[in-house]
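Chemist:
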Amino acid sequence: MRLLKLVPDDTNIDFLKWRKVASAMSIILVIISIALVAVKGLNLGIDFVGGQSVRVEFTQDMPPIDEIREKVGDIGLGEATIQQFGSDKAISIRTALPDGDKAAAERAGQQLVAGIQKAFPTAKAGSVETVSGKVSEELLRTGAISLALAMLGISIYIWIRFEWQFGVGALGRLFHEVALTFGFFAVTQIQFDLNSVAALLTIVGYSLNDTIVVYDRIRENLKKYRKMDIVPLLNLSINETLSRTVMTSVAMLLALGVLLIFGPDVIFGFTAAILLGVFVGTYSSILMSTPILVWLKVGPHSFVPRTVAGMDGGERVERKDDGAVV
Amino acid sequence: MLDFPRWKTIGISIILLLGILFSIPSFLPEKTRESLPAVLQAKVNLGLDLAGGSHLLLEADIADLRKTQLANMEKTVRTAMRGETGPDDDIAIGELSTAGGRISFLVRDQAQLDAARERLFSETQGAGMTGQRDWSINVIDSTRIVMTPTSAGQAQAVANAMDTARDIIDKRVNALGTREPTIIREGTDRVVVQVPGLQDPAALKELIGKTARLEFRMVDTNADPNEAAAGRVPVGSEIVPYAEGEGSGAAFEVLRRQVMISGEQLINAQQSYDPQNSQPVVSIRFDSGGSSTFAKVTAQNVGKRFAMVLDGKVLSAPSINEPILGGSAQISGSFSVASANALAISLRSGALPVKMTVVEERTVTPELGADSIRKGAIAGIIATVAVLVLMIIVYGRFGVYACIALIFNVFLIIAIMAAFNATLTLPGIAGFVLTIGAAVDANVLINERIREELKRGRRPFQAVELGYSEASRAIFDANVTNVIAASLMFWFGSGPIKGFAVVLTIGIVTSVFTAVTVTRMFVAHWLRTKRPTSINI
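What follows is the structure in structure tokens.
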């Protein structure tokens, strides 16, 4: 049986040739993302701004959104944010956090459910969520802390396991991916909630998974080919790991794509964000995390003291237990 | 590395078989599962977003607690100064005030200052580990005593109140007859209540949101209604508003401050019906002390009215037609059967020591949860099959090994989750799918490495050996980073995120085991028995 090869054997693509273009593009994308978040803002869910949200299911045909918006407005809780799910019979109605004590959100939630049931007798006001201002502040704070700590923690781990340049490279890459994901949330206006933070943390974890595979190969090659220039060495490492990068990405995209299409609509935004993260992550593994190492002047001396590297004249250092014909 | 001693093979096989065995109960319906031996009872719990139900986060009103604490100490001070043996033993005090969260009063006779201090000191208690008391007692201007609650004392008061509150909420929720509720303290001043399978949380909130402090107090008949309307009431009385919908027009009653009987003296409370008008009421029974007080007071006050006060609001103020001697009474008000029942439960379980407020609520209907499970399961199966097919197309025999390992991985994750009684949430299903992707990655790394080594001209044995050893390093590092991300999610995350982190962490461990160790066992077995001269990978 002939097996499928997603990437042909012995690729020798000069990826680093595009490093300036790619970096410029990445920087522009990051700036655009930040600008989008600043201008359009994130569609923050009640997890982070407080308020009340009700999922309404219509047993018969759903009235037009404008009519729903108007009738919900009449309840007296201010303007509602209405979001449609995958099905055409279910919507989520959200209203802003009312002023008042900490029980205000809970009372407003009851008011909202009662109001909806009165305005649309055929509708079922199902899942209700209310979050008070104090709790939402805490959730926002812990969400931000956990994201920052994850990025930092992982970078420090890489610094310990590899060298500081690699840690910096990882951090830079993570920043890039997280910024782009925020941009994605700003553009699509998909609700940004606790699940989105879980999505970001997943992207952070996955990205690093990818980075480590490439970095591990770079480290291996740096020890192996001590006289090789850094740029060709990085190219070699990327090419050697290319089929793995592509294969894993395809498997991940496949699994996530299925989840996106067939999975529950409640986690649509969550899945979409991770899907984008995997896509961007694959690009970053190839064109983003490696060029940083060129600028940070990684070389054989990063792992082997310079003097030893100089004394050892061999072009290729074989492993002692390696008896293979090369 | 490819040398697999028999004990290792047996060990791995046992782990895999146990994985399958312990994952089975989670797939079985409740009835069948209950007929299994006790060892096999553990199953994966479904989170509220999948099973449907209510999650409530309650926060204590600490300011309210401080107020109660202060009021109690004020009473204690008065009693302590009165002396035990009679009027000769009294210490005369004045200007008693509770302003600013402190108790301050004047000791009229300076000679008694030390004695007053002594008496108060014996009323305070140790708090915390440092030997601190719960109140500090200071003398100002050598005439005035100021008592301030210490931070250790306040912390202890909050902790005690929260423990009691948790127990009382537990009693109340259990009285609702729901299955497997979870009631736990969180942080310093919060309680989380999770009740699966609940359709309408309104009854639950009604039940646990009520402090249920019940008091019977006499109506002050001397108060002039006009004066009272202007806010002026006789000394020893106060204005207490009617609860919403009660009082038939009247907004308040003027009540004596002194409490005749309180809810603590109840031994039972039941929802029943008023024999005269068939309205739902709550029938209560007092303990012996309460019964005799009630009999005495009602005998002395025939023709007057008393008020039933719940959480600072008057429910009703009936006239005393005759002495009530049996030790039982009816609380009437505009109740529905449900609200009368809720009040009866609240009264039976005792009053909450502190007012609790719902600060977060998440309710998912069981239908939506069932829909999510169904769609999640379908997506999970399709995703797994798609990935399996891809692996076989790309890696052939090695792909098949990876697939078998992947299926074992699914069973192992479920088995471990069941063993830890972990909860599967909706993001958890996504975590499952993600773990499958990550498990594949380990095999991809190994197989790609084997391909590479073969290309370099190594013989099958060596290529496989190197493939596993060289790839393991990257697999290890990569998974440690994932564990870092997952553990942060677990520490900081709440609810659904935690569910995601649990699946991810378990999945990382099992996928490294199955993708590396289990596949290696298969590959080693194949290499030893078939001794292939070339590998198609």
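Those protein sequences? They're chains A and B, same order as listed. Using the working numbering, read the first sequence as starting at 5 and increasing by one per residue. Using the working numbering, read the second sequence as starting at 27 and increasing by one per residue. We put the CB at the ideal spot given by N, CA and C, even for glycine. Remember, it's a predicted structure, so these values are computed and weren't measured experimentally.
(1) Since Ala355 (chain B) is in the beta strand (DSSP E), which residue starts that stretch and which ends it?
(2) From Thr204 (chain B) to Pro222 (chain B), what does the alpha carbon distance come to, in whole angstroms?
(3) Would you report the Cα separation of Glu241 (chain B) and Asp90 (chain B), rounded to the nearest angstrom?
(4) To the nearest angstrom, how far is the alpha carbon of Asp105 (chain A) from that of Ala403 (chain B)?
(5) Can you list, in chain order, the residues of its chain whose CB lies under 6 Å from that of Asp115 (chain B), leaving out five sequence neighbours each side?
(6) To which residues does DSSP link Phe242 (chain B) through a beta bridge?
(7) What residues in the region 100-126 of chain A have a beta carbon less than 8 Å from any beta carbon of chain B?
(8) Note down the Cα distance separating Ser495 (chain B) from Arg221 (chain A), rounded to an integer number of angstroms.
(9) Quick check on Glu478 (chain B) - is its C-beta less than 8 Å from some C-beta in chain A?
(10) Short of 9 Å Cβ to Cβ, which residues in the region 266-289 of chain A face chain B?
(11) Would you report the Cα separation of Ile46 (chain B) and Asn435 (chain B), rounded to the nearest angstrom?
(12) Can you give the Cα-Cα distance for Gln305 (chain B) and Tyr268 (chain B), rounded to whole angstroms?
(13) Just the Cα atoms here: how many angstroms apart are Gly314 (chain A) and Asn225 (chain A)?
(14) Going along the chain, which residues of its own chain have a beta-carbon closer than 6 Å to the beta-carbon of Pro486 (chain B), five neighbours each way excluded?
(15) Quick test of your reading: Val41 (chain A) and Gly187 (chain A), contact by CB under 8 Å. State the CB separation rounded to the nearest angstrom.
(16) With a floor of 4 residues, list each alpha helix (DSSP H) that falls wholly inside the region 21-49 of chain A, ordered by position along the chain.
(17) Exposed or buried, which one is Trp299 (chain A) when buried takes at least 16 other CB atoms within 10 Å?
(18) Give a yes or no on contact between the region 249-265 of chain A and the region 147-165 of chain A, applying the rule of three or more CB pairs nearer than 8 Å.
(19) Would you call Gln151 (chain B) buried or exposed, if buried means 16 or more other Cβ atoms sit within 10 Å of its Cβ?
(20) Taking a cut of 8 Å between CB atoms, which residues from the region 165-184 of chain A lie near chain B?
(21) How about Tyr427 (chain B): is its C-beta nearer than 8 Å to some C-beta of chain A?
(22) Which residues mark the beginning and the end of the alpha helix (DSSP H) in which Ala366 (chain B) is found?
(23) With distances taken from CA atoms, which of B:Ser274, B:Gln284, B:Ala255 is nearest Gly262 (chain B)?
(24) List the whole-angstrom C-beta distance separating Glu387 (chain B) from Thr134 (chain A), where the pair is believed to meet the contact cut-off of C-beta under 8 Å.
(25) Could you spell out where the beta strand (DSSP E) holding Asn294 (chain B) opens and where it closes?
(26) Hey, could you find the ends of the alpha helix (DSSP H) Ser80 (chain B) is sitting in?
(27) When you check each C-beta in the region 61-92 of chain A against every C-beta of chain B, which residues fall closer than 7 Å?
(28) Check the DSSP bridge columns for Thr99 (chain A) and list the partner residues they point to.
(29) Are Ala129 (chain A) and Ile120 (chain A) closer than 8 Å when you measure CB to CB?
(30) So what's Thr461 (chain B) in DSSP terms, helix, strand or just coil?
(31) Counting C-beta neighbours from all protein chains within 10 Å, is the total for Ala468 (chain B) 16 or more, i.e. buried, or is it exposed?
(32) Skipping 5 residues on each side, what residues in its chain have a beta carbon closer than 6 Å to that of Ile234 (chain B)?
(33) Between the region 282-296 of chain A and the region 408-428 of chain B, do at least 3 Cβ pairs fall closer than 8 Å?
(34) Could you check whether the Cβ of Phe518 (chain B) sits closer than 8 Å to any Cβ belonging to chain A?
(35) Name the two residues that bound the continuous alpha helix (DSSP H) containing Arg198 (chain B).
(36) Between Lys138 (chain A) and chain B, is the shortest Cβ-Cβ distance under 8 Å, so that the two count as touching?
Modeler: Reading it off the structure:
(1) 354-357
(2) 8 Å
(3) 18 Å
(4) 41 Å
(5) Gly109
(6) B:Ile287, B:Met334
(7) Asp105, Lys106, Ala107, Ala109, Glu110, Gly113, Gln114
(8) 13 Å
(9) yes
(10) Phe266, Gly267, Pro268, Asp269, Val270, Ile271, Phe274, Thr275, Ile278, Val282
(11) 10 Å
(12) 19 Å
(13) Bear in mind that a pLDDT of 42 at Gly314 (chain A), under 50, signals an unreliable position, so the model cannot answer this.
(14) Pro558, Ile561
(15) 7 Å
(16) 23-43
(17) exposed
(18) no
(19) exposed
(20) Arg165
(21) no
(22) 363-375
(23) B:Gln284
(24) 5 Å
(25) 292-299
(26) Ser80 (chain B) -> not in any alpha helix (DSSP H); beta strand (DSSP E) instead, spanning 79-86.
(27) none
(28) A:Gln56, A:Ala84
(29) yes
(30) helix
(31) buried
(32) Ile195, Arg198
(33) no
(34) yes
(35) 177-201
(36) yes
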